[in-house]
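>
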Amino acid sequence: MLAGDPRAIARAMSLVEDESPAGAELLRALFGRTGRAFLVGVTGPPGAGKSTLVDRLTRRAREEGKAVGVIAVDPTSPFSGGAVLGDRVRMGRHASDAGVFIRSMATRGHLGGVARATSDLALILDAAGKEFIFIETVGVGQDEVDIARTADVTVVVLVPGSGDEVQALKAGIMEIADVFVVNQADREGADRLVQTVAANQALQAYAPDQWRPPILKTVATTGEGVPELWGSITQYRMHAASGDGRRRARYEQQLHELLSRALLTHLERTLPPGELARVVGRIAAGAIDPYSAAHELMQRVVAPSGSRTQDPGSRP
Ligand SMILES: Nc1nc2c(ncn2[C@@H]2O[C@H](COP(=O)(O)OP(=O)(O)OP(=O)(O)O)[C@@H](O)[C@H]2O)c(=O)[nH]1
Ligand SMILES: [Mg+2]
């Protein structure tokens, strides 16, 4: 896998996706070999041209001799055709290229959160020597925002005339975008959309040394504007290299999620069977409030002696 063998990468990903103990063990073992990849999040409404753009960017990276990983986060079921099949066809030209690894990930069935599952897969690709990892996500929901937080740079793809634009700008997209792309610039309304985004951006305050997300026009199908997009991504990479805030935030999010899950599992194992359900019943019956209930459960599980759980911040 470390040598980039595609079958080994696929097997490692399956272990991790199945949430098997072997998968967790693998991630632990791999972590020390990661940290070199640059994670590029590409998000936007359905059909905006994300896959076509990722395909173009992949070609670009390959021209520079960089190994590439692609994770397409598919909100539909793992086995439905749809988007996954479309992506396979679109990315098909890379099928014979051992320097490109493409994986579709279904968002269903990820108890630990889509963002964590995505960063786990990215970790594997990172360890396998992929220098650029593209993560394609559809939409602008919380999952996309979380995934964007785990990427090193986030490209937000918008399309003219979809009516989505204003909504997208409202949905917190302004905060997560490092680069704006108005794709399908061959269609009417592209300039107006650029102006809308620029007007929104004008309302934001930027510090002198702060990155100001560029607003680029592309036609993914012909490749127009793609060199500029690639330029912005690599420029951002250099800009970001001066501070590792984003990466730190990613590790923080990972740690929090892992701890929450571990704690919940520990609770379920330690308490008598059905105890959590009984407590829920007591809350529903008005016998206790959820805050006191959580506190009480924590006392029983984390510090059975009941000594220091009152205020987790205090030192004995
Ligand atoms: N006219 C025009 N069509 C485009 C452009 N970019 C992509 N398309 C077409 O738009 C359709 C959707 O492109 P995709 O790349 O699959 O879009 P996507 O955002 O990945 O779609 P989902 O993953 O299904 O959300 C395809 O038929 C593309 O050929 C563009 O710049 N101009
Ligand atoms: Mg797609």
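Numbers 0 to 315, taken from numbering that gives the first Met the number 0, label the letters of the sequence shown in order.
Glycine is no exception: its CB is placed at the ideal position from the N, C-alpha and C atoms.
The model shown is predicted, which means the values in this text are computed figures rather than measured ones.
1) Out of P213, D96, S291, which has the shortest C-alpha to C-alpha gap to A197?
2) I'd like to know if the segment 201 to 217 and the segment 253 to 272 are in contact, where contact means that at least 3 CB-CB pairs between them fall below 8 Å.
3) I'd like the ranges of any alpha helix (DSSP H) spanning at least 4 consecutive residues and lying wholly in the segment 244 to 301.
4) Taking 7 Å as the threshold (C-beta atoms), are Q141 and V158 in contact?
5) Quick check on V15: buried or exposed, where buried means 16 or more other Cβ atoms within 10 Å of its Cβ?
6) Does DSSP put T57 in a helix, a strand or coil?
7) For D145, name the three-state secondary structure that DSSP assigns.
8) Check this for me: beta carbons of R55 and V225, under 7 Å apart or not?
9) Tell me, which residues are paired with I70 by DSSP?
10) Use the C-beta contact count for R59: other C-beta atoms within 10 angstroms, 16 or more gives buried, fewer gives exposed.
11) Measuring straight from C-alpha to C-alpha, what distance separates L124 and D177?
12) Nearest by alpha-carbon distance to A2: which of G98, P20, D151 is it?
13) Considering L157, what are the terminal residues of the beta strand (DSSP E) in which it resides?
14) By Cβ distance, which residues of its chain are closer than 6 Å to E227, with the 5 residues on each side in sequence left out?
According to the structure data:
1) Indexing the sequence shown from 1 puts residue 197 at position 198. Among P213, D96, S291, the Cα nearest to that of A197 belongs to P213.
2) no
3) 244 to 269, 274 to 283, 289 to 300
4) Working through the sequence shown from its first residue, we reach residue 158 at position 159. Working through the sequence shown from its first residue, we reach residue 141 at position 142. Going by C-beta atoms, V158 is not nearer than 7 Å to Q141.
5) Stepping through the sequence shown from its first residue, residue 15 is reached at position 16. Buried, by the Cβ-count rule.
6) On the sequence shown, residue 57 is found 58 positions in, with the first residue counted as 1. The answer is helix: DSSP assigns T57 an H, G or I state.
7) Within the sequence shown, residue 145 is the residue found at index 146, counting from 1. Here D145 sits in helix by DSSP.
8) The residue given as residue 55 occupies position 56 in the sequence shown. The residue given as residue 225 occupies position 226 in the sequence shown. Yes. Within cutoff.
9) Within the sequence shown, numbered from 1, the residue matching residue 70 stands at position 71. Beta-bridge pairing links I70 to R102, I134.
10) The residue you call residue 59 lines up with position 60 of the sequence shown. Buried.
11) Here residue 124 refers to the residue found at position 125 of the sequence shown. Here residue 177 refers to the residue found at position 178 of the sequence shown. Their Cα atoms are separated by approximately 23 Å.
12) Mapped onto the sequence shown, residue 2 falls at position 3. Taking only the C-alpha atoms, the option nearest A2 is G98.
13) Position 158 of the sequence shown, counted from the first residue, corresponds to residue 157. It spans 152 to 157 - the beta strand (DSSP E) in which L157 sits, taken as one unbroken run.
14) Along the sequence shown, read from residue 1 onward, the residue named residue 227 stands at position 228. L215.
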